[in-house]
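Note that the working numbering gives residue 194 to position 190 of the sequence shown, counting from 1, and the numbers run on in steps of one.
Glycine included, each C-beta is placed from N, C-alpha and C at the ideal position.
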Amino acid sequence: MAGDGEQVPRHPCGGAGCRAVQAKRQRLTRGGSNAALATSVGPCATPPARQKERAMQPIDEGKVIDLTIRIGFLGLFIYGTLMMIAPLFGLMLWAVILAVAIYPLHAAVTRWLGGRRKLSAVLLTLLGIAITLGPVALLGAGIVEAGHGVTTILKAGNLHVPAPPEQIKTWPLIGPQLHLAWSGAHENIAQTLGKFSPQLLKVGEVALERLATVGIGIVTILLSVLISGVLLIAGEDFARGTRRFANRVFADTGAEMVGLASATVRNVSRGVIGVAVIQALLSGIIMAAFGLSMAGPLALIALVLSIIQIGPWPVLLPVIIWAFTSMDPGKAVLLALCLAPVMIVDNILKPIFMSRGLDTPMLVILIGLLGGLMAFGVVGIFVGPVILSVFYALFIRWIEQAEG
């Protein structure tokens with residue numbers, strides 16, 4: 005219980021309402037009331053007269069109009085910027101991914117060249133263009149050569165389909181139908197082509213559409229490589245600006261989130277593209293060693309399928325089946341034994357490459373990779389793991405702060 009001489013603390017507010025509250029507390033204390041009851045009198049509210057006075061103050065219409073105009077112009081600028089960036093967003097995103105993925109190599113080459121950063125960026129850009137155009141040139145040469153051979157045969161009138169092997173009849177599901185169609189082509193190729201001409205025309209249309217899509221993709225990759233070279237030249241300034249922006253978004257953890265995103269992109273690049281290149285190279289070398297004339301184009305198709313997470317098996321499995329129908333049995337078995345490990349080696353190498361140096365669980369990265377691929381396409385292979393890794397890190401930090 006408070007004594008008679010105990011002074012009641014003054015409320016921060018100095019208005020008349022506050023003085024009334026203090027007087028009420030003093031009366032309760034001097035009258036012998038409980039101190040808790042005396043202090044339970046809430047802080048003073050704004051006097052009704054003052055509330056009415058504030059409510060009657062006129063609104064400054066000039067400030068409202070000025071603020072509305074500013075927000076409107078800001079919205080127009082943001083909308084215009086997004087409209088201009090939207091067509092190039094995928095291109096810029098690929099360029100950033102490439103720049104982040106090869107930046108450690110760029111730093112090493114720069115040191116090897118004595119600090120000449122621009123020369124290093126130019127060399128890596130030329131290497132990227134060569135890597136992009138090299139397989140395309142091989143595929144184009146193979147297609148042109150095959151087309152030239154078919155044209156020569158058609159002009160000479162010597163187009164002849166060999167008789168189908170008898171063991172094709174024993175294949176489950178498709179064996180009898182395939183043997184029948186093949187036999188018809190062997191007996192009369194012109195009649196068979198005329199019979200299936202509607203289906204062949206549709207296949208040709210789809211093939212041309214896919215070829216156009218591939219061409220656009222190749223041009224996009226080339227432009228991304230060129231832009232990534234420019235980003236490598238301004239790498240330090242670009243990284244510094246990214247960290248400053250991240251600090252505005254994530255407060256004190258911005259730089260850490262940028263580092264996590266960069267490490268995730270590099271690990272996914274090694275785990276996806278690196279493993280795909282290994283599988284494609286091994287496939288091409290093995291098929292070339294066994295005398296397959298289309299080893300280069302088939303290896304390129306296996307590379308693309310591996311990057312989009314399908315794997316090389318749609319290419320290698322038909323090759324193995326063809327080997328058992330066209331090659332010596334011992335040679336076919338040896339080819340199958342060489343190609344079988346290539347089809348499954350990604351299951352071993354990907355977890356090793358993707359989880360190296362990261363605190364993010366491998367399951368989170370894999371979910372981000374597959375989910376990003378389904379949501380955003382090929383670029384989602386990199387965007388998905390980055391988004392999920394950053395979210396996972398923020399979520400864990402939020403839980404730790406709540407517990408601590």
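DSSP places residue 297 in the coil class of the three-state scheme, outside both helix and strand. With distances taken between CA atoms, residue 376 lies nearest to 269 out of 269, 173 and 203. If you draw a 10 Å sphere on the C-beta of residue 217, you find fewer than 16 other C-beta atoms in it, and that means exposed. Contact between the region 224 to 244 and the region 98 to 106 is established, with three or more Cβ pairs separated by less than 8 Å.
The beta carbon of residue 254 is closer than 6 Å to those of 261 in its chain, skipping five residues each way along the sequence. Between residue 371 and residue 353 a beta carbon distance of about 19 Å is seen, past the 8 Å cut, so the two are scored as non-contacting. By the 16-neighbour rule on beta-carbons within 10 angstroms, residue 83 is exposed. Contact annotation: residue 128 and residue 106 have beta-carbon atoms nearer than 8 Å. For residue 339, the closest C-alpha among the options 398, 379, 327 and 362 is that of 327. Shown here for residue 279: same chain residues with a beta carbon closer than 6 Å to its own, the five before and five after excluded, namely 350, 353 and 354 in chain order. Runs of the alpha helix (DSSP H) spanning 4 or more residues and lying entirely within the region 285 to 349 occur at 299 to 311, 317 to 330 and 333 to 348, in chain order. Between the C-alpha atoms of residue 68 and residue 227 there is a straight-line separation of about 46 Å. Burial of residue 286 is indicated by the presence of at least 16 other C-beta atoms within 10 angstroms of its C-beta.
Contact check for residue 173 and residue 183: beta-carbon distance about 5 Å, within the 8 Å limit, so the pair qualifies. CA-to-CA, the gap between residue 390 and residue 179 works out to about 46 Å. A Cβ-Cβ contact shorter than 8 Å links residue 292 with residue 299. Pairing residue 304 with residue 219, the inter-Cα distance amounts to about 14 Å. If you draw a straight line from the Cα of residue 324 to the Cα of residue 336, it is about 7 Å long. With a cutoff of 8 Å on beta-carbon distance, residue 397 and residue 264 are scored as near each other. Spanning the alpha carbons of residue 133 and residue 320 requires a straight line of approximately 27 Å. When DSSP states are grouped into helix, strand and coil, residue 281 belongs to the helix group. Taking 8 Å as the upper bound for CB-CB distance, residue 380 and residue 272 are not in contact here, some 13 Å apart. Residue 186 is positioned such that its CB atom lies closer than 8 Å to that of residue 168.
Around residue 259, the same chain offers 247, 250 and 251 as residues with beta carbons nearer than 7 Å, after the five sequence neighbours per side are excluded. Annotated as distal: residue 395 and residue 275, with beta-carbon spacing of 8 Å or more. By the Cβ neighbour-count rule, residue 297 is exposed, with fewer than 16 other Cβ atoms within 10 Å of its own. When the alpha-carbon of residue 383 is set against those of 313, 368, 341 and 406, the nearest one is in 313. Rounded to the nearest whole angstrom, the C-alpha separation of residue 141 and residue 301 is 10 Å. In the displayed model, residue 362 falls within coil according to three-state DSSP, outside both helix and strand. The shortest CA-to-CA distance from residue 171 to any of 344, 365 and 329 is the one to 329.
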